[in-house]
Amino acid sequence: MGRVCPEWGADPRLVAGLRISPWDFRASAYLPAMRLAHTMIRVKDLEETIRFYTDFLELREVRRSPIGDEATLVFVTDAEESYYIELTYNHDGRDYDRGNQFGHLAFHVDDLESWVEKVEAAGMWFRRSKPGGRSKYIFIKDPNGYDIEILEHAG
Numbered sequence: 016m017g018r019v020c021p022e023w024g025a026d027p028r029l030v031a032g033l034r035i036s037p038w039d040f041r042a043s044a045y046l047p048a049m050r051l052a053h054t055m056i057r058v059k060d061l062e063e064t065i066r067f068y069t070d071f072l073e074l075r076e077v078r079r080s081p082i083g084d085e086a087t088l089v090f091v092t093d094a095e096e097s098y099y100i101e102l103t104y105n106h107d108g109r110d111y112d113r114g115n116q117f118g119h120l121a122f123h124v125d126d127l128e129s130w131v132e133k134v135e136a137a138g139m140w141f142r143r144s145k146p147g148g149r150s151k152y153i154f155i156k157d158p159n160g161y162d163i164e165i166l167e168h169a170g
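Read left to right, the sequence shown gives residues 16 to 170 (my numbering).
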């Protein structure tokens, strides 16, 4: 059942006689569960980016789709294929401003220190979480400047 929300004014939905948020669709038994499909990022150098995500981060390329002469889409995923990243390369040579709305991509690992060693061996810049914090992680950058968080799984 959806959350009761008396603050919503204009045209709230009625579910079992309760006023709920128009965005609270969990009350519907007719909708299947939603699952996150992928995140798309635009890339400047497709092959360098694929090498980073497949060789360095150990993801796997699962599909490459040309979109006419306009673009190439490459999908990479983890070993369980639980999530996909779409790398979009536009062939017109444009450059991109990342802006300030997108934050980062995060990856869980079982052993953060082995990843720190790998990053150090590659001579890459990284930023570590603060000592004594709740989470252990590092941030690195992909070839396009996107932040990548490598986060030790707390399980």
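No residue lacks a Cβ here, since even glycine has one placed at the ideal position from N, Cα and C. Only a predicted model underlies this, so the values are computations on that prediction, with no experimental measurement involved.
- Message: So Val-58 and Glu-76 are supposed to be a Cβ contact under 8 Å. How far apart are they, rounded?
- Response: Against the sequence shown, residue 58 aligns to sequence position 43. Against the sequence shown, residue 76 aligns to sequence position 61. Between Glu-76 and Val-58 the Cβ distance is about 13 Å, and since that is not below 8 Å, they are no contact.
- Along the chain, which unbroken stretches of the alpha helix (DSSP H) at least 4 residues long are found entirely within the segment 40 to 103? 61 to 66
- From Gly-118 to Asp-162, what distance separates their C-alpha atoms? As a first step, residue 118 must be located in the sequence shown, where it is residue number 103. As a first step, residue 162 must be located in the sequence shown, where it is residue number 147. The straight-line gap from Cα to Cα measures roughly 7 Å.
- Task: Measure the alpha-carbon distance for Arg-66 versus Val-134 and round it to whole angstroms.
- Result: Locating residue 66 in the sequence shown gives position 51, counting from the first residue. Locating residue 134 in the sequence shown gives position 119, counting from the first residue. So the alpha carbons of these two residues sit roughly 15 Å apart.
- Task: Between the Cα of Leu-127 and those of Lys-145, Gly-138, Glu-167, spot the shortest distance and give me the residue it belongs to.
- Result: Here residue 127 refers to the residue found at position 112 of the sequence shown. Closest option to Leu-127, Cα to Cα, is Glu-167.
- Closer than 8 Å by C-beta to Ile-82: which residues in its own chain qualify, once you throw out the five before and the five after it? Chain order, please. The residue you call residue 82 lines up with position 67 of the sequence shown. Contacts found: Leu-88.
- Just confirm the distance between the C-beta atoms of Ile-155 and Leu-102, as a whole number of angstroms; I'd bet it's less than 8 Å. Numbered from its first residue, the sequence shown carries residue 155 at position 140. Numbered from its first residue, the sequence shown carries residue 102 at position 87. Wrong, their Cβ atoms sit about 17 Å apart, outside the cutoff.
- Distance, Cα to Cα, Tyr-98 vs Ala-52? For the purposes of this step, residue 98 is taken as the residue at position 83 of the sequence shown. For the purposes of this step, residue 52 is taken as the residue at position 37 of the sequence shown. The straight-line gap from Cα to Cα measures roughly 6 Å.
- Message: So, with DSSP's three-state summary, where would you put Lys-145?
- Response: What you label residue 145 is simply residue 130 of the sequence shown in a count that begins at 1. Coil at Lys-145, not helix or strand.
- Could you tell me how far apart the beta carbons of Ala-137 and Glu-164 are, in whole angstroms, since I believe they sit closer than 8 Å? Residue 137 sits at position 122 when you count from the first residue of the sequence shown. Residue 164 sits at position 149 when you count from the first residue of the sequence shown. Their Cβ separation, rounded to whole angstroms, is 17 Å, which puts Ala-137 and Glu-164 out of contact at 8 Å.
- Where the beta strand (DSSP E) through Ala-121 begins and ends: Position 106 of the sequence shown, counted from the first residue, corresponds to residue 121. Segment 119 to 124, the beta strand (DSSP E) holding Ala-121.
- Query: Just curious, the alpha helix (DSSP H) that Lys-133 is in, first and last residue?
  - Reply: Along the sequence shown, one-based indexing puts residue 133 at 118. Unbroken alpha helix (DSSP H) run through Lys-133: 127 to 136.
- Message: Can you tell me whether Tyr-111 is helix, strand or coil according to DSSP?
- Response: Counted from its first residue, the sequence shown places residue 111 at position 96. Tyr-111 falls in the coil class under three-state DSSP.
- Task: Report the three-state DSSP secondary structure of Asn-105 (helix, strand or coil).
- Result: The residue labelled residue 105 in the question sits at position 90 within the sequence shown. Strand.
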